[in-house]
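For reference, the structure discussed in these notes is given below.
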Amino acid sequence: MNRIAVEKKVLNENQILAEQLRDRYRANGVLCVNLISAPGSGKTALLERTLERMHPGERVAVLTGDLQTENDAQRLAKFGFPVKQITTGGTCHLDAKMIQRHLEGWKLEALDLLIVENVGNLVCPSSYDLGEDAKIVLLSTTEGEDKPLKYPSIFFKSELMLLTKIDLLPYVPFKAELARENARRVHPAMEIIDVSSTTGEGLDRWMEWLNARRVGKPGTKG
Amino acid sequence: MHELGIASAILDCVDEEAARHPGGHISKVGVKIGELAGVDGDALQFGFEVLVKDTDREPLMLELEFVPRIQRCSSCEYEFRMSEFDPRCPLCGDFSTKCISGEELDIAYMEVDE
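So the sequence lines, in the order shown, correspond to chains A and B.
With our numbering as the guide, the letters of the first sequence map in order to residues 31 to 252.
With our numbering as the guide, the letters of the second sequence map in order to residues 3 to 116.
Have a look at this one:
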C-alpha cells in the first residue's frame, strides 16, 4: 500500500469554473452578488423592490434559482431587465456550471450588475463559489435570532447581512439586537442593514451599498 | 443535503488519480472537512458508501478528518481554537482576529494498492 498526498479541493471543478466566471466579470466590469437565505426570508421581494428602484436602461440582470417553477422569473421580469430562471430540478443549491450555462446568450459587456438569487437554503449554497464578488445573507424577523449560530458557515462567508421584514418587529418576539450580535459573533466584520420590502425602510441604504460596490468594481463602465 | 454531490466530486478525484496508477487500486481516500465547510460527515459517509457499493471502486474507504476553526490574533499573533463563537484573543483580548483554518473541503491523500 502506498499513500500519496493529493492536496486538492473536493469542489475543484466548481472552483475552476467559478474562477473563470470571476475573470469574465472582472474583464467586463460586472459586479456579481449572490443572495442566500432560508426559503421565505424575502429574497424575491427584495429583488422586486431593488429592480423597481433602478432606472430603465440600467445595466442589471438577474439569475434566480429554484427547484421548480418559473414563478420568480415571472415576478421579476415585469421590471424590464433581463431575468432568467434556473430550475435545478431538485438540487438544493446553484453551482458555477449552472451560472455559466444560463449566462449564454447574454452579453456581459452590456451589464454592470448581475444579481444571483440562490435556492432558498442556508446550508449547501455556502459551499459553492459562483464567482461572485460578495455573498449576501438574508435573515428575516420571522426566523430565530440564533440562525447565525446554527448555520455559521453562510454567515461567516457573507459580507453583508440584510435583516428583512423589519416592519414586523412590533408583532413578533424576534430580538433584532440579539440577531445582530449573533451574526457578529460568527463574523465580526459583518455589515448589517435592516430592511423592509413592504414599507421600504432601509432600502435606500441597501441601494447605496449596492451602488457603492458597483462603482468600486474595477473596470466598471460607470 | 448536498453531501451526495460532494461524495460524487470526491469519487471523480479518485477516478482521476486511479487513471495515473494503471494496475493499481485506490483503497482509501482521506478528506479534510473544516468546521465552517457546511458539510455533514455522516451524510457524506453515507452518500459515499452508496455510490461505491457494487461498483469497480470497491473496496474503497473514506476517512474524514475534521478541522476546527482556528483564529489568529492580528495584534499578538496568538493562534487559538475558536469556541462558543467568541472571536476575542484569549491572550490579549483583542477583537481583530482572523480565521486561518476551518473552511477546508479538501482531498488530503489517497492510498493505492499497487
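We treat Cβ as the ideally placed atom computed from N, Cα and C, and that holds for glycine.
Could you check the C-alpha separation between Ala21 of chain B and Cys15 of chain B for me, to the nearest Å? 10 Å
When you compare each of B:Leu6, B:Ala9, B:Pro24, B:Ala39 to Val153 of chain A by their alpha carbons, which one comes out closest? B:Ala39
What does Cys15 of chain B touch in chain A if you count any residue whose Cβ is under 8 Å from its own? Val36, Lys38, Val40, Asn42
Taking the alpha carbon of Phe97 of chain B as the reference point, which residue from B:Gln73, B:Ala110, B:Gly104, B:Ser103 has its own alpha carbon closest? B:Gln73
Do Leu179 of chain A and Val216 of chain A count as a contact pair if the criterion is CB distance below 8 Å? yes
Does the beta carbon of Met63 of chain B sit closer than 8 Å to a beta carbon anywhere in chain A? no
Neighbourhood of Leu143 of chain A by C-beta, 6 Å cutoff - its chain only, sequence neighbours within 5 removed: Leu61, Val90, Arg244
Just grab the DSSP bridge partners of Ile196 of chain A for me. Note: Ile196 of chain A sits in no beta bridge, so no partner.
Is it right to say Met112 of chain B is buried, meaning 16 or more other beta carbons lie within 10 angstroms of its own, or is it exposed? buried
Provide the residue span of the beta strand (DSSP E) that contains Ser170 of chain A, from first to last. 164-170
Who are the near neighbours of Leu93 of chain B in its chain, counting only those whose CB is closer than 6 Å to its CB and skipping five residues on each side? Cys78, Tyr80
Nearest-angstrom Cα separation, counted from Leu66 of chain B out to Glu88 of chain A: 48 Å
Please say whether Ala110 of chain B and Gly119 of chain B have beta carbons closer to each other than 8 Å? Any property of residue 119 of chain B remains undetermined from this structure, which presents chain B solely from 3 to 116.
Within 8 Å (strictly less), CB to CB, does Pro89 of chain B reach chain A? yes
C-alpha gap between Gly174 of chain A and Pro203 of chain A, whole angstroms: 9 Å
Excluding the 5 residues flanking Ala45 of chain B on each side, which residues of the same chain have their C-beta closer than 7 Å to its C-beta? Glu5
Hey, out of A:Ile196, A:Leu240, A:Ser157, whose CA is closest to Lys187 of chain A's CA? A:Ser157
Can Leu253 of chain A and Ile145 of chain A be called in contact, C-beta distance under 8 Å? The displayed coordinates of chain A run from 31 to 252. Any statement about residue 253 of chain A would go beyond what the structure contains.
Less than 8 Å between the beta carbons of Ala126 of chain A and Ala48 of chain A, yes or no? yes
State the DSSP-derived secondary structure class of Met63 of chain B, mapped to helix, strand or coil. strand
Kindly indicate the opening and closing residues of the beta strand (DSSP E) around Tyr111 of chain B. 107-115
By the 10 Å Cβ neighbour count, where 16 or more other Cβ atoms means buried, how is Asp96 of chain A classified, buried or exposed? buried
Starting from Arg33 of chain A, find everything on chain B with Cβ-Cβ shorter than 7 Å and list it in chain order. Tyr111, Glu113
Output, in sequence order along the chain, the residues in the stretch 93-111 of chain B whose CB is closer than 7 Å to any CB in chain A. Phe97, Leu107, Asp108, Ile109, Ala110, Tyr111
Give the C-beta separation of Phe109 of chain A and Leu81 of chain A to the nearest angstrom, bearing in mind that I take them to be a contact with Cβ-Cβ under 8 Å. 4 Å
Contact set for Asp176 of chain A: own chain, Cβ-Cβ below 7 Å, skip 5 residues either direction: Asn212
Closer than 7 Å at the beta carbon, the chain A residues around Leu38 of chain B: Pro182, Ser183, Phe186
Looking at chain B, is there any beta carbon in it that lies within less than 8 Å of the beta carbon of Arg89 of chain A? no
Helix, strand or coil at Lys34 of chain B according to DSSP, with G and I counted as helix: strand
Leu261 of chain A lies in the alpha helix (DSSP H); which residues open and close that run? Since the displayed chain A opens at 31 and closes at 252, residue 261 of chain A lies outside it and no answer follows.
Buried or exposed by the 16-neighbour rule on C-beta atoms within 10 Å, applied to Tyr55 of chain A: buried
Expected contact under 8 Å - CB spacing of Lys165 of chain A and Glu189 of chain A to nearest Å: 6 Å
Please list, in chain order, all residues of the same chain as Val225 of chain A whose beta carbon is under 8 Å from its beta carbon, the five residues on each side excluded. Leu76, Leu192, Leu193, Thr194, Ile196, Glu231, Gly232, Leu233, Arg235, Trp236
How about His123 of chain A: is its C-beta nearer than 8 Å to some C-beta of chain B? yes
6 Å Cβ shell around Ser170 of chain A - same chain, five flanking residues per side excluded: Ser71, Gly72, Thr194, Lys195
So the beta strand (DSSP E) Asp176 of chain A belongs to, where does it begin and stop? Counting along the chain, Asp176 of chain A falls outside any beta strand (DSSP E), and DSSP gives it neither H nor E.
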